[in-house]
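Colleague: Mind having a look at this structure? Questions to follow.
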Amino acid sequence: MSDTPIIALRGISKSYAGIRALEAVDFAAHRGSVHAILGENGAGKSTLIKIISGVVQPDAGEMRLDGQPVRFASPSAATAQGVVCMFQELSLIPDLSVADNICIAAPPRRMGLIDRRAQLRRAEELLARVRCEDVDPRTLVRDLSLSRRQMVEIAKALGRDPRVLILDEATSALTAEDVQTVYDLLGRLKAEGVTVLFISHRMNEVEALCDRLSVFRNGRHIETFAKGERTDAEIVRLMIGRDVIAKYPPKPAPVARPPVLKVEGLEWEDALKGVSLTLGKGEILGVGGLDGQGQKELLLALFGVLKGVRGRVDLGGRGLPSSPITAKGGQPRVALIPEDRKTEGLMLPLSIADNLVTAGFERITRSGVIDPARLEAAVQEGIARLQIKVGHPSDPVRTLSGGNQQKVVIAKWLMTDPDIILMNDPTRGIDVGTKQEIFRMMRDLADGGKSILFYSSDYAELIGCADRVLVLYDGRVVRELEGEAISEEAIVGASLNIGTAA
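The opening residue of the sequence shown carries number 19 in my numbering; numbering runs sequentially from there.
Have a look at this one:
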């Protein structure tokens with residue numbers, strides 16, 4: 019490894035509207051390494067990679083690439099010098115094909131026109147590189163699952179021949195098989211001399227992939243060290259500035275709970291094939307299984323999003339909601355925390371305040387007209403309830419960190435005072451401190467009589483949070499786990515449809 023860092027920052031500072039995002043940061047990464055950038059949401063990681071990739075300009079400081087001073091005026095300028103960033107919020111255009119998206123920056127041309135055949139070949143080559151030969155490059159991106167979209171985004175980044183590849187939560191929406199594919203890919207890139215800056219909140223990934231780790235907190239670079247020099251507990255302490263007392267709040271003793279939701283034989287197209295379940299009052303019911311086994315469709319069906327759903331649903335004496343409006347407005351009231359906060363949970367150009375009140379609009383109106391006093395009170399309540407870190411409620415919600423954006427989504431739906439809360443992978447792509455806040459909030463809501471049905475791709479979350487766990491396989495519940503039976507071995511076995519006997 020060369021002594022000269024491939025990328026080096028000295029004294030980098032950046033403020034937004036008077037709020038310091040980075041302060042006098044020194045940072046360096048070497049060629050042919052995988053370097054983790056760790057920190058809570060709001061620690062400065064996103065601003066750091068935006069500066070490196072030319073999205074924003076620093077207020078002070080210097081950046082060097084291969085020892086030479088650089089200042090990228092735009093992402094295209096950074097890409098031209100081999101610095102490529104794949105952000106957590108996907109940049110794909112849903113109504114274009116996979117091939118169009120992969121080659122959008124520099125499509126192959128022939129006689130001044132886009133060479134469609136060459137573009138398809140290029141897309142096929144890059145998809146094969148990320149082991150996605152099953153994806154037809156002519157498919158529209160909107161018809162792909164979130165996991166497949168993320169793999170297409172990685173293929174698109176590789177198509178730009180990076181020397182420095184920045185991956186921001188690149189595995190957060192992937193299936194276990196795709197995660198392994200990314201692991202293998204990063205190993206090959208490292209051997210080829212590519213430097214990878216890797217942002218992840220999953221410590222097992224950091225341990226498996228990274229050579230060095232840099233921790234950021236409150237806009238400052240706290241420490242850089244080699245893998246293995248710090249324990250997980252020490253790393254978390256560096257990230258959040260305090261000891262972690264307990265990752266998951268204690269579960270209550272098992273008790274008989276009156277049902278608030280009964281589902282029998284729920285079916286929808288090929289995704290749901292006879293799902294039955296009961297959710298009790300004040301219960302946290304987890305849903306596990308490999309990604310794409312019907313978990314998302316189950317939650318969408320119960321929220322009234324899907325049409326043509328068959329089966330029996332008893333929701334406090336009424337049937338399946340016909341729409342999200344009837345779901346959130348009926349008795350019991352139902353709320354859904356969706357899978358992708360960027361595209362399904364928020365309106366990014368609108369303010370934090372506007373996003374907070376969109377689901378509970380009736381709370382801030384009087385005779386159909388917005389009451390300014392009610393609006394301000396509701397917004398302040400939502401911010402305080404989830405301790406959302408904001409500059410001003412009028413700031414665009416897109417300016418918040420990922421964890422604080424997720425808090426806005428949750429706070430928005432809590433304003434409807436739901437009795438049943440459906441949650442689709444609610445901690446995906448957020449930091450350990452915010453995760454703990456959400457875990458405590460979930461248990462507090464359940465202790466207060468709210469009922470929670472939540473899917474998580476992280477088995478540890480199901481084990482730590484859920485009173486019971488249902489494992490889905492091929493659109494069916496193949497196992498129900500409770501108490502001491504909730505273990506990683508049992509969940510994994512049922513997820514693969516093996517060892518499903520009670």
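Just so it is clear, CB atoms sit at the ideal spot from N, CA and C, and this is done for glycine as well.
1. For GLY283 versus GLY329, is the C-beta distance shorter than 7 Å?
2. Could you please give the first and the last residue of the uninterrupted alpha helix (DSSP H) stretch that includes GLN137?
3. Where does the unbroken beta strand (DSSP E) through MET104 begin, and where does it stop?
4. Sort GLY312, VAL415 and GLN313 by Cα distance to THR361 and report the nearest one.
5. Would you mind listing the alpha helix (DSSP H) stretches within the region 25–93 that are 4+ residues and don't spill past its ends, in chain order?
6. Helix, strand or coil for ARG446, going by three-state DSSP, please let me know.
7. Give every residue of the same chain whose Cβ lies closer than 8 Å to the Cβ of GLY292, excluding the five residues on either side of it in the sequence, and list them in chain order.
8. Could you check which residue in ALA251, GLU58, TYR34 and ILE67 has the C-alpha nearest to that of PHE45?
9. Enumerate in chain order the residues of its own chain whose CB-to-CB distance from GLY337 is below 7 Å, with the five nearest sequence positions on each side excluded.
10. Taking the alpha carbon of TYR477 as the point to measure from, which residue in ALA194, ILE25 and LEU320 has its own alpha carbon closest?
11. Indicate the three-state DSSP secondary structure (helix, strand or coil) for THR242 in the structure shown.
12. Can you look up ARG497 in the DSSP assignment and give me helix, strand or coil?
13. Which full runs of the beta strand (DSSP E) of 3+ residues lie inside the region 238–323, going along the chain?
14. So, using beta-carbon positions, are ILE217 and ALA173 closer together than 7 Å?
15. What does the alpha-carbon distance come out to for the pair LEU418 and HIS410?
16. What would DSSP say about GLY482, mapped onto helix, strand or coil?
17. What do you get for TYR34, buried or exposed, if any count of 16 or more other CB atoms within 10 angstroms of its CB means buried?
18. Which same chain residues, not among the five before or five after MET441, have their C-beta less than 6 Å away from its C-beta?
19. What span of residues does the beta strand (DSSP E) with GLY329 cover, start to end?
20. Output needed for GLY312: all residues of its chain with C-beta closer than 6 Å, excluding positions within five of it in sequence on either side, in chain order.
21. From the DSSP output, read off the bridge partner residues of ILE470.
22. Can you give me the start and stop residues for the alpha helix (DSSP H) that VAL565 sits inside?
23. In the structure shown, what three-state DSSP assignment does GLY347 receive?
24. Just tell me which of LEU83, ARG181 and ARG89 has its CA closest to the CA of VAL73.
25. Three or more beta-carbon pairs under 8 Å between the region 434–449 and the region 229–243, yes or no?
26. Starting from the C-beta of ALA54, find all residues in its chain whose C-beta is less than 6 Å away, skip the five residues before and the five after it, and write them out in chain order.
27. Starting from LEU215, trace the alpha helix (DSSP H) in both directions and tell me its first and last residue.
28. When you compare each of ARG181, MET129 and HIS239 to GLU58 by their alpha carbons, which one comes out closest?
29. Only counting the same chain, and skipping five residues up and downstream in sequence, which positions put a Cβ closer than 7 Å to that of SER163?
30. Taking PRO267 and LEU297 to be in contact with their CB atoms under 8 Å, please state how far apart those CB atoms are, rounded to whole angstroms.
31. From the DSSP output, read off the bridge partner residues of TYR491.
32. Specify the secondary structure class of SER232 as computed by DSSP and reduced to three states.
33. Taking the alpha carbon of THR434 as the reference point, which residue from LEU145, ARG381 and VAL305 has its own alpha carbon closest?
Modeller: The answer reads as follows:
1. Along the sequence shown, one-based indexing puts residue 283 at 265. Along the sequence shown, one-based indexing puts residue 329 at 311. Going by C-beta atoms, GLY283 is nearer than 7 Å to GLY329.
2. Locating residue 137 in the sequence shown gives position 119, counting from the first residue. Where GLN137 is concerned, the enclosing alpha helix (DSSP H) stretches over 134–147.
3. Here residue 104 is taken as the residue at index 86 of the sequence shown, counted from 1. First-last of the beta strand (DSSP E) with MET104: 101–104.
4. Translated into positions along the sequence shown, residue 361 becomes position 343. The residue among GLY312, VAL415 and GLN313 with its C-alpha nearest the C-alpha of THR361 is VAL415.
5. 63–70
6. Counting from 1 along the sequence shown, the entry for residue 446 is found at position 428. Residue state, collapsed to three classes: coil.
7. On the sequence shown, position 274 is the one that residue 292 refers to. So the qualifying residues of the chain are GLY283, LEU284, GLU285, GLY329, GLY493 and ARG494.
8. As a position in the sequence shown, residue 45 is number 27, starting the count at 1. Check the Cα spacing between PHE45 and each of ALA251, GLU58, TYR34 and ILE67: the tightest is with ILE67.
9. Taking the first residue of the sequence shown as position 1, residue 337 is located at position 319. If we look at GLY337 and ignore the five residues flanking it on each side, its Cβ neighbours are VAL331.
10. Counted from its first residue, the sequence shown places residue 477 at position 459. Out of ALA194, ILE25 and LEU320, ALA194 has the C-alpha closest to the C-alpha of TYR477.
11. Residue 242 sits at position 224 when you count from the first residue of the sequence shown. THR242: strand per DSSP, three-state reduction.
12. Residue numbering aside, residue 497 sits at position 479 when the sequence shown is read from its first letter. It is a strand residue.
13. 238–244, 277–286, 290–298 and 302–306
14. For the purposes of this step, residue 217 is taken as the residue at position 199 of the sequence shown. For the purposes of this step, residue 173 is taken as the residue at position 155 of the sequence shown. No; because the gap between Cβ atoms is not below 7 Å, this pair is not in contact.
15. Start at 1 with the first residue of the sequence shown, and residue 418 comes out as number 400. Start at 1 with the first residue of the sequence shown, and residue 410 comes out as number 392. LEU418 and HIS410: Cα-Cα distance of roughly 11 Å.
16. Here residue 482 refers to the residue found at position 464 of the sequence shown. In this structure, GLY482 counts as helix in the three-state DSSP scheme.
17. Reading the sequence shown from its first residue, position 16 is the one you call residue 34. With fewer than 16 Cβ atoms within 10 Å of its Cβ, TYR34 is classed as exposed.
18. As a working mapping, residue 441 is identified with position 423 in the sequence shown. Taken in chain order, the residues that qualify are ILE355 and PHE472.
19. Indexing the sequence shown from 1 puts residue 329 at position 311. Element bounds for GLY329: 328–332.
20. Against the sequence shown, residue 312 aligns to sequence position 294. Cβ within range, chain order: ALA289, LEU290, LEU490 and GLY493.
21. The residue labelled residue 470 in the question sits at position 452 within the sequence shown. ILE302 and ILE439.
22. The question about residue 565 has no answer, for the chain in this structure spans 19 to 520.
23. As a working mapping, residue 347 is identified with position 329 in the sequence shown. It is helical.
24. Indexing the sequence shown from 1 puts residue 73 at position 55. Of LEU83, ARG181 and ARG89, the residue nearest in Cα terms is ARG89.
25. no
26. If you number the sequence shown from 1, residue 54 lands on position 36. Cβ within range, chain order: PHE216, VAL224, CYS228 and LEU231.
27. By one-based count along the sequence shown, residue 215 stands at place 197. No alpha helix (DSSP H) holds LEU215; the beta strand (DSSP E) holding it covers 213–217.
28. Walking along the sequence shown from the start, residue 58 turns up at place 40. Ranking ARG181, MET129 and HIS239 by Cα distance to GLU58 puts HIS239 first.
29. Translated into positions along the sequence shown, residue 163 becomes position 145. The answer, listed in chain order, is GLY310.
30. On the sequence shown, position 249 is the one that residue 267 refers to. On the sequence shown, position 279 is the one that residue 297 refers to. Actually they are not in contact, since the Cβ atoms of PRO267 and LEU297 sit about 19 Å apart, beyond 8 Å.
31. The sequence position of residue 491 within the sequence shown is 473, counting from 1. ARG494.
32. Sequence index remark: in the sequence shown, residue 232 carries index 214 (1-based). Look at SER232 here: in three-state DSSP terms it is strand.
33. Translated into the one-based positions of the sequence shown, residue 434 becomes position 416. If we check each option's Cα against that of THR434, ARG381 comes out closest.
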